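Note sheet for the following structure.
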Amino acid sequence: MLIGTRTSSEENAYRELVKNTHAHAFLKARQVPEMQCCTRSGSQNNLERQIVCMANDSTYAVVEEVANQVGFHLTRVPSTAEAERALQISEDAQTPHRQRVRVLITALGQRQENSCFSLLAAPRKAPLFVCVYSHTAASTASIRLACFDAGANMVTADPKSLQQALSKVAREGTSTGVRSYTCPHPSCRLGGLSEDELWTHLPLYHSNLNFPRGMECPVCRKCCGRVAVHLHNQHGPPGRGEMASENDYPPSALHAFALVVCRRRSDGKYLLVQEFANSGFWLPGGRVDAGENLADAAVRETLEEAGVAIRLTGVLRFEYRPLGVSDTRMRVIFLAEPLDDTQPAKSIPDYESVGASWVSAEECLEIEARDRVRGPEPGQWVRYLSSGGVAAPMTILTAQEGSTPKCANEQ
């Protein structure tokens with residue numbers, strides 16, 4: 001089952017399938033040596049608009065509608081073997097550019113003959129955007145991680161998110177009259193990208209991958225400690241001053257951060273963010289921008305990283321830690337709930353995160369036990385709240401000096 005509510009037996013079947021496929025080994029197999037990658041020249045005369053889709057009828061109908069909206073040609077295959085055959089034909093040097101596959105969309109599959117994992121892990125000779133379209137994978141953190149470990153670029157069950165991602169893929173190589181660049185990651189090497197297309201491409205395709213330190217930026221040719229961070233802040237819209245850059249933060253002795261523990265009312269599940277560079281799950285949150293208060297930063301970061309609009313309900317912890325004589329770190333951890341329990345978690349990878357997932361307390365602790373968390377905070381606060389822990393009221397935080405909080409009986 002790929003759309004709608006899954007049963008516990010189906011989820012257990014998927015978990016067993018993931019366990020048996022040893023997804024972590026696939027990640028190593030996915031890394032293609034640079035000499036095996038091909039670079040394509042981008043122009044409007046050789047666009048590749050082909051999608052291969054392996055899915056059941058209901059999922060295929062969704063993908064077909066989205067593909068038509070974006071302008072892709074869709075080919076349906078019934079099995080992993082047929083999908084692999086279609087991709088091998090696409091990678092053949094004799095295949096015209098227009099007939100080459102740019103996108104693979106696959107369901108999880110419950111049997112070996114239609115399992116997505118061996119398909120995800122197979123080394124590629126040409127760049128490919130791989131999306132697992134599955135409600136089970138999108139809503140189960142451990143399976144979501146397994147898909148990315150195996151080589152997926154995106155995991156979703158939201159047609160709107162799929163449409164937005166495919167629109168970005170469709171725009172690659174369409175700019176004319178501008179200098180073109182090649183993706184610097186050795187597993188991709190997609191060429192023919194304008195500066196803005198490259199700026200969009202890196203987080204969409206590679207937000208879960210580690211870039212080797214010291215790589216050369218394809219735009220300015222500078223060696224960078226972290227080329228993805230450098231390109232995001234120094235080039236594209238931020239480089240032209242059209243949007244804020246992280247490098248624009250003013251020097252400050254106080255660095256303030258806001259984290260959010262968001263618990264859904266309907267089922268008690270927690271919102272966790274899949275962090276960049278395969279660093280695991282963590283709480284939504286981040287740095288407080290200049291001129292922003294802590295509460296606004298918490299709401300903004302949760303929307304950016306997890307795709308969910310929230311309401312803050314309390315303060316769990318206030319941390320203030322001097323780091324030497326001239327630098328101080330402040331962090332406030334909020335308790336929150338979604339404005340709408342039906343909001344799907346984010347599934348389009350970007351610079352902020354790879355995506356997000358609603359997880360049960362049990363699954364959160366399971367992920368922690370497997371060392372798939374960026375830090376200890378998710379498990380700490382799940383244990384605290386599961387044991388009856390409470391949050392302080394939001395009124396303890398205020399920007400008004402000299403004010404006092406209202407009593408419970410005051411209107």
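Residue 250 in the UniProt record's numbering sits at position 250 of the sequence shown, and the numbers go up by one each step.
Just so it is clear, CB atoms sit at the ideal spot from N, CA and C, and this is done for glycine as well.
Note that this is a predicted model, so its numbers are computed, not measured.
Nearest-angstrom Cβ-Cβ length linking residue i and residue j, presumed shorter than 8 Å
i: Leu204; j: Ala165; result: 7 Å
i: Pro127; j: Cys188; result: 5 Å
i: Ala297; j: Leu312; result: Not really, about 11 Å apart at Cβ, beyond 8 Å.
i: Asn208; j: Phe148; result: 5 Å
i: Val63; j: Ile105; result: 5 Å
i: Leu87; j: Val101; result: 6 Å
i: Glu195; j: Gly241; result: Not confirmed; about 14 Å, so no contact.
i: Leu272; j: Phe281; result: 4 Å
i: Gly379; j: Glu363; result: Contact flag wrong, Cβ pair sits at about 11 Å.
i: residue 428; j: Ser386; result: An answer regarding residue 428 cannot be provided, because it is not within the stretch 1 to 411 covered by the chain.
i: Gly334; j: Leu316; result: The amino acid at residue 334 is misidentified as Gly; the sequence shows Phe. Indeed, because the Cβ distance is near 7 Å, the residues count as touching under 8 Å.
i: residue 412; j: Arg287; result: The structure shown has nothing for residue 412, since the chain only spans 1 to 411.
i: Gly314; j: Ala392; result: 6 Å
i: Leu202; j: Leu162; result: No, Leu202 and Leu162 are not in contact; Cβ-Cβ is about 20 Å, not under 8 Å.
i: Arg144; j: Ala138; result: 7 Å
Those residues which DSSP pairs with residue i across a bridge
i: Arg76; result: Cys53
i: Phe129; result: Val103
i: Arg329; result: His255, Arg321
i: Thr156; result: Tyr133
i: Gly173; result: None; Gly173 has no bridge partner.
i: Glu337; result: Arg311
i: Ala67; result: DSSP output for Ala67 lists no bridge partner at all.
i: Ala392; result: Val315
As assigned by DSSP and simplified to three states, the class of residue i
i: Pro186; result: coil
i: Leu294; result: helix
i: Glu401; result: coil
i: Ala61; result: helix
i: Glu82; result: helix
i: Thr87; result: Note on residue identity: the sequence assigns Leu, not Thr, to residue 87. Leu87 falls in the helix class under three-state DSSP.
i: Leu385; result: helix
i: Arg179; result: coil
i: Phe276; result: coil
i: Ala165; result: helix
i: Arg30; result: Since pLDDT at Arg30 reaches only 39, below the 50 mark, its modelled position is unreliable, and the value read off the structure follows with that caveat. Reduced to three states, the DSSP call for Arg30 is helix.
i: Arg124; result: coil
i: Ser43; result: With a pLDDT of only 37 at Ser43, under the threshold of 50, the placement of this residue in the model should not be trusted, and no figure is reported.
i: Ala93; result: coil
i: Cys38; result: Its pLDDT being 29, under 50, Cys38 is placed unreliably by the model, and nothing is read from it.
i: His22; result: Below a pLDDT of 50, predicted positions are generally treated as unreliable, and His22, at 41, falls in that range; the measurement from the model is reported next regardless. Three-state DSSP puts His22 in coil, outside helix and strand.
i: Ile3; result: Only weak support is given to the placement of Ile3: the predicted model assigns it a pLDDT of 37, under 50, and the value that follows is read from those uncertain coordinates. Here Ile3 sits in coil by DSSP.
i: Thr302; result: helix
Endpoints, the beta strand (DSSP E) within which residue i is located
i: Leu104; result: 101-106
i: Leu316; result: 310-322
i: Ile143; result: No beta strand (DSSP E) contains Ile143, which is instead part of the alpha helix (DSSP H) from 141-150.
i: Gly286; result: 285-287
The alpha helix (DSSP H) enclosing residue i, as first and last residue numbers
i: Ser118; result: 117-121
Note to self: Could you tell me which whole beta strand (DSSP E) segments of length 3 or greater appear in the stretch 351-380?
What the structure shows: 355-359
Item checked: Ranges of the alpha helix (DSSP H) found wholly within the stretch 191-274, counting only runs of at least 4 -> 195-206, 227-234, 236-239
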